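In our numbering, the protein residues as written are 65 to 470.
No residue lacks a Cβ here, since even glycine has one placed at the ideal position from N, Cα and C.
Model, not experiment: these values are computed from the prediction.
Please read the structure below before turning to the comments.
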């Protein structure tokens, strides 16, 4: 990559005219004594993976070339090269021919050369190896887009989005531990005193890290091969919900999840429980399931949902019969009542069927003679008073009176 003001050649040749990747402040350019690919893909100061496959003249008198930049093909069997061999005979880095000829301020992380023409299988492996090692993205659908191309056991598999720990084993009295930055780049920390790797990985894929242990006798370094797979969120909802009655205040849900990401709640019956964010409002009596979810993220799988079955009891409405009186032997008057105890913004309009007010006893023997009133001898006036009590109505309100004469 270019990393300064001077931007000419980076990988070139001493003798001949060989351009591999960078040229004249452009990237993705390939010239092997003749142009194979003169595209410009940009990203001047980014690391790139440049790959070329080239026929020698012992294979084809008009050699063909194939090129790939960051896994994307450019030239496809393009003629025009005048190079006699598969590769330049004398490589140079940072300039052509001499230190001042088309020189660049640049960095070359790694250069791999195959003797002969590289196979497609090996090209894909080399491409993926370099891309994963130096953090260069590969195109979607690449066979090694999410993994390294070579076999080998991982030292450890971490899981993204959730806490992890791993103990680096060392012998002979290690005193300090250090790493090359690959762990930190993925959200992991190496304890320099204990050698414990911990943290929440922030990226998926395989990676290498060099860990060095030291004591007074010297230091030893080792390459570790790690993989980061998708983690699975863990949901905890230990909240105990109180006994609920229609009219109670809204309640706040308090589920928690290990790892980053939202927590959502749903209700199976919004006429009973209505959810907004983490607040649940009681809308009516009945039963509903509240479900807590920790959805999947780019780095994690969704947690197993947790369901709580919630019952909301009916509110109590007090129905009180108004006092009434009549003359003995006369028909009962129209009985009336008063309702109270409504919650939220409810009023008497929620009573869809009016209570039936019926005396429990119409016999005059159960009434009290008022000696002070008489319209004629032998025909005294009786005063009868309704009794009332609270009865639970099927709709949820206490509204059915029991009335009586006495």
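Exercise for review: Report the option in 116, 166, 163, 161 whose CA atom is closest to the CA atom of residue 142.
Suggested key: 116
Check your understanding: Which residues in the same chain have their Cβ closer than 6 Å to the Cβ of residue 231, if we skip the five residues on either side of it in sequence?
Key -> 260
**Study point:** Cβ neighbour criterion (16 or more within 10 Å) applied to residue 239
**Key:** exposed
Practice item. Count the C-beta pairs between the stretch 123-142 and the stretch 220-228 that are closer than 8 Å, then say yes if the count reaches three, no if not. Key: Counting Cβ pairs under 8 Å, fewer than three are found: no touch.
Exercise for review: Answer yes or no: do residue 421 and residue 377 have a C-beta to C-beta separation smaller than 8 Å?
Suggested key: no
Practice item. Decide yes or no for the touch test of the stretch 296-308 against the stretch 273-285: beta carbon pairs closer than 8 Å, at least 3 of them. Key: no
Exercise for review: Report yes if the C-beta distance between residue 323 and residue 355 is below 8 Å; otherwise report no.
Suggested key: no
Point to revise | Nearest-angstrom beta carbon gap, residue 336 and residue 319 [assumed within contact, 8 Å] | key: In fact, because the Cβ distance is near 20 Å, the residues do not count as touching under 8 Å.
Review point. Span of the alpha helix (DSSP H) holding residue 195?
Key: 184-198
**Study point:** Close beta carbons around residue 333, own chain, < 6 Å, minus the five adjacent residues each side
**Key:** 352
Exercise for review: Would you mind reading off the limits of the beta strand (DSSP E) that contains residue 402?
Suggested key: 401-404
Check your understanding: Since residue 171 and residue 293 are thought to touch, with beta carbons under 8 Å apart, how far apart are those beta carbons, to the nearest angstrom?
Key -> With 8 Å as the limit, residue 171 and residue 293 do not qualify as a contact, their Cβ atoms being about 31 Å apart.
Exercise for review: Can you give me the start and stop residues for the beta strand (DSSP E) that residue 137 sits inside?
Suggested key: 136-142
Check your understanding: Excluding five sequence neighbours on each side, which residues of the same chain lie with their C-beta closer than 6 Å to the C-beta of residue 251?
Key -> The beta carbon of residue 251 sits closer than 6 Å to the beta carbons of 263, 264, 265, 266 from its chain, once the five residues preceding and following it are set aside; these are given in chain order.
Check your understanding: Taking the Cβ atom as the reference point for each residue, do residue 379 and residue 339 lie within a distance shorter than 8 Å?
Key -> For the 8 Å CB-CB criterion, residue 379 and residue 339 do not form a contact.
Practice item. Check whether the Cβ atoms of residue 219 and residue 271 lie closer than 8 Å to each other. Key: no
Point to revise | Candidates 95, 129, 326: closest to residue 80 by CA position | key: 95
Practice item. Measure the alpha-carbon distance for residue 65 versus residue 343 and round it to whole angstroms. Key: 53 Å
Review point. Closest to residue 180 by CA distance: which of 298, 195, 253, 121 is it?
Key: 121
Point to revise | residue 231: first and last residue of the uninterrupted beta strand (DSSP E) it sits in | key: 228-231
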